[in-house]
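A.B. asks: Last residue of the sequence shown: 236 (the working numbering), numbering continuous. Even for Gly, the Cβ is constructed at its ideal location relative to N, Cα and C.
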Amino acid sequence: MVHADASNFSEGVSKEQAYTHILLQAEGLFHDQRNWVCNLANSASLLWHAYKSLPSPSNQVNWAGFYVLDHKAAKPKPQLILGPFQGKVACQTIAFGRGVCGTAAESQITQLVPDVEQFPGHIPCDADSKSEIVVPIVVGGEGEARKLVAIIDIDCADLNGFDEVDKEYLEKLADLLAKSCDW
């Protein structure tokens with residue numbers, strides 16, 4: 054049974070331990086639940102509470118959530134639309150190729166940005182955000198065309214808020230979400 058304690062994180066855990074907890078809790082929450090809205094909402098909560106339990110810069114995360122492929126957008130101009138998140142209100146749509154999120158969506162490659170002001174075309178949804186990591190969620194492979202379905206977007210109020218550990222574990226979460234949801 055789903056329980057709010059899933060988003061409790063002990064103080065003093067390492068970033069690796071927090072991410073391992075996220076992945077284990079996510080697997081449990083996704084069991085017999087394939088609805089992407091539900092799974093993204095619970096994942097946003099897990100991420101938010103994990104970051105807030107960690108030391109700086111992780112505890113300076115000011116937005117954690119998702120954008121999903123907008124199926125109503127015109128075919129030649131794909132875009133993302135805001136999905137479940139924790140943090141301040143956010144940009145509602147983002148065109149592929151625009152900003153950090155749109156670049157990750159178009160390229161299907163994780164974008165680890167230590168200083169968003171140095172990223173060409175950065176979209177300043179929140180002026181407090183100084184660094185960002187965006188991880189594509191892609192379905193398909195092994196003989197199937199790879200298709201982007203969503204992205205994980207995490208913003209931090211500190212410069213250099215993310216590193217290779219974040220990238221590794223968020224890519225694992227993206228893979229889990231790709232396999233665990235009916236997109």
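Counting pairs of beta carbons, one from the segment 66 to 76 and one from the segment 188 to 196, are three or more of them closer than 8 angstroms?
C.D. replies: Taking 8 angstroms as the limit for Cβ pairs, the verdict is that the segment 188 to 196 does not touch the segment 66 to 76.
A.B. asks: Curious, which full-length alpha helix (DSSP H) runs of at least 4 residues does the segment 62 to 86 contain?
C.D. replies: With a minimum length of 4 residues, the continuous alpha helix (DSSP H) runs that stay inside the segment 62 to 86 are 68 to 83.
A.B. asks: Can you list, in chain order, the residues of its chain with a C-beta nearer than 6 angstroms to that of V202? Leave out the 5 residues immediately preceding and following it.
C.D. replies: Position 149 of the sequence shown, counted from the first residue, corresponds to residue 202. The residues are L122, I190, V192 and W236.
A.B. asks: Would you mind stating whether D208 and N115 have Cβ atoms separated by less than 8 angstroms?
C.D. replies: Counted from its first residue, the sequence shown places residue 208 at position 155. Counted from its first residue, the sequence shown places residue 115 at position 62. Their beta carbons are under 8 angstroms apart, which means D208 touches N115 by this criterion.
A.B. asks: Kindly confirm or deny that the segment 132 to 139 and the segment 90 to 102 touch, where touching means at least three C-beta pairs closer than 8 angstroms.
C.D. replies: Yes, the segment 132 to 139 is in contact with the segment 90 to 102.
A.B. asks: Could you give the DSSP three-state label for K128: helix, strand or coil?
C.D. replies: Residue mapping note: residue 128 aligns to position 75 of the sequence shown, counting from 1. Reduced to three states, the DSSP call for K128 is coil.
A.B. asks: Could you check the C-alpha separation between E170 and K183 for me, to the nearest Å?
C.D. replies: Looking up residue 170 in the sequence shown gives position 117. Looking up residue 183 in the sequence shown gives position 130. Answer to the nearest angstrom: the Cα atoms are 7 angstroms apart.
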